[in-house]
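To start, the structure under review is shown below, and the notes come after it.
In the working numbering, the protein residues as written are 2 to 222.
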C-alpha cells in the first residue's frame, strides 16, 4: 500500500508558498526539494514571484465573486440530471463528433437541441479553429459557440459558462461569457473552451463524446 501511495499520489514542493510550481510523485519529493532553486532566490526575485501569485489570486477571487453574484439572479437555468421515481437520466450537454462535407473533411462537434430557461439551444465546437489538419498539431484547442434556436419577443441578455458534469473528470477553468440574443443575432462568436491545457484537450478528443454542464443566467432589465 505504501509503495502504491508513493507512486500515485501527487505531492507539492514545500517551497510552493514562495512560487515553486513543481508537483510529482511522493518518492521524488526529497530529491526535488534538495535541488529546488527557490530557497536561494534573491529577495527581489521572490518579491516578483509573490506579486504574480497575488495577482493570480486576485483574478481567481474576482471570478468567484462574479459567479456568486450570478447565483443571485432570478432566472438561472442549467443542464443537469433529471431525477425520476425509478431512474436517473443524465442530461448534460453532449458534444458529438461530426465531419464536414468538404473535400478535406474537418472535425467539429455539435450537441442535440436542449431546453434551458424555456428556450431551445444548441452548442457547437471546433478543433483548433477548424484548421485542416489538427491531428498534425502538437497543441490542440477547442472553441465553442452557443446558438439560440427559439424565437424571442425581445433581446435576451445572458451570462453563461461551461463546467464539467458530476460524472466526468474534465479539467476546465470557469470563464463567464456574455451575449445578448435576438432573432437576428442568435449565435455567439466561437469562444475558447477553457480547458486547462493541451493534454487535457487531447483526452477530451479521444473520448466518444464530450459531456459538459451549461449554466445560463438571464440578465433582467
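Built from N, CA and C at the ideal position, the CB exists for glycine as well.
Owing to the predicted nature of the structure, the values given are computational and were not obtained by experimental measurement.
Nearest CA to the CA of residue 164: which residue from 215, 62, 64 and 179?
-> Sequence index remark: in the chain shown, residue 164 carries index 163 (1-based). Ranking 215, 62, 64 and 179 by Cα distance to residue 164 puts 215 first.
Might you give, ordered along the chain, the residues of its own chain that have their beta carbon closer than 8 Å to the beta carbon of residue 180, omitting 5 neighbours on each side?
-> Numbered from its first residue, the chain shown carries residue 180 at position 179. Cβ-Cβ distances below 8 Å link residue 180 to 147, 158, 159, 161 and 189 in the same chain, with the five nearest sequence neighbours on each side left out; the list follows chain order.
Distance between residue 191 and residue 63 (C-alpha atoms, nearest Å) = Locating residue 63 in the chain shown gives position 62, where the first residue counts as 1. Locating residue 191 in the chain shown gives position 190, where the first residue counts as 1. Going by the C-alpha atoms only, they are around 24 Å apart.
Please classify residue 43: does DSSP put it in a helix, a strand, or coil?
-> Within the chain shown, residue 43 is the residue found at index 42, counting from 1. Three-state DSSP puts residue 43 in coil, outside helix and strand.
C-alpha distance - residue 49 paired with residue 96, whole-angstrom precision | Stepping through the chain shown from its first residue, residue 49 is reached at position 48. Stepping through the chain shown from its first residue, residue 96 is reached at position 95. Distance between the alpha carbons of residue 49 and residue 96 is about 42 Å.
How long is the line joining the alpha carbons of residue 99 and residue 112, rounded to whole angstroms?
-> Against the chain shown, residue 99 aligns to sequence position 98. Against the chain shown, residue 112 aligns to sequence position 111. Taking the Cα positions, residue 99 is about 10 Å away from residue 112.
State the DSSP-derived secondary structure class of residue 25, mapped to helix, strand or coil.
-> Taking the chain shown and counting its residues from 1, one reaches residue 25 at position 24. Three-state result, residue 25: strand.
Burial state of residue 221 (16 or more Cβ within 10 Å) = As a first step, residue 221 is located in the chain shown; it is residue number 220 there, counting from the start. Exposed: under 16 other Cβ atoms inside 10 Å.
Collapsed DSSP secondary structure at residue 114 in the structure displayed = Indexing the chain shown from 1 puts residue 114 at position 113. Coil at residue 114, not helix or strand.
Taking Cβ to Cβ, would you say residue 196 is nearer than 7 Å to residue 202?
-> As a first step, residue 196 is located in the chain shown; it is residue number 195 there, counting from the start. As a first step, residue 202 is located in the chain shown; it is residue number 201 there, counting from the start. Yes, the Cβ-Cβ distance between residue 196 and residue 202 is below 7 Å.
Is it right to say residue 94 is buried, meaning 16 or more other beta carbons lie within 10 angstroms of its own, or is it exposed?
-> Translated into positions along the chain shown, residue 94 becomes position 93. Its Cβ being crowded by 16 or more others within 10 Å, residue 94 is buried.
Helix, strand or coil at residue 128 according to DSSP, with G and I counted as helix | Indexing the chain shown from 1 puts residue 128 at position 127. Reduced to three states, the DSSP call for residue 128 is strand.
Does DSSP put residue 31 in a helix, a strand or coil?
-> Reading the chain shown from its first residue, position 30 is the one you call residue 31. Correct three-state label for residue 31: helix.
As assigned by DSSP and simplified to three states, the class of residue 159 = Against the chain shown, residue 159 aligns to sequence position 158. Strand.
Name the DSSP bridge partner or partners of residue 178?
-> Reading the chain shown from its first residue, position 177 is the one you call residue 178. Paired residues: 161.
So, helix, strand or coil for residue 65, using DSSP?
-> Translated into positions along the chain shown, residue 65 becomes position 64. Residue state, collapsed to three classes: helix.
Thinking C-alpha only, which one of 92, 66 and 35 is nearest residue 78?
-> As a first step, residue 78 is located in the chain shown; it is residue number 77 there, counting from the start. It is 92.
Specify the secondary structure class of residue 212 as computed by DSSP and reduced to three states.
-> The sequence position of residue 212 within the chain shown is 211, counting from 1. In this structure, residue 212 counts as strand in the three-state DSSP scheme.
Nearest to residue 75 by alpha carbon, out of 81, 51, 67 and 118?
-> As a working mapping, residue 75 is identified with position 74 in the chain shown. Looking from the CA of residue 75, the closest CA among 81, 51, 67 and 118 belongs to 118.
May I have the straight-line CA-CA distance separating residue 200 from residue 154, to the nearest angstrom?
-> Position 199 of the chain shown holds residue 200. Position 153 of the chain shown holds residue 154. Pairing residue 200 with residue 154, the inter-Cα distance amounts to about 43 Å.
Under 7 Å between the Cβ atoms of residue 128 and residue 149?
-> In the chain shown, residue 128 corresponds to position 127, counting from 1. In the chain shown, residue 149 corresponds to position 148, counting from 1. No; because the gap between Cβ atoms is not below 7 Å, this pair is not in contact.
Alpha carbon to alpha carbon, how far is residue 178 from residue 72? Give it in angstroms, no decimals.
-> The residue labelled residue 72 in the question sits at position 71 within the chain shown. The residue labelled residue 178 in the question sits at position 177 within the chain shown. Cα-Cα distance, rounded: 15 Å.
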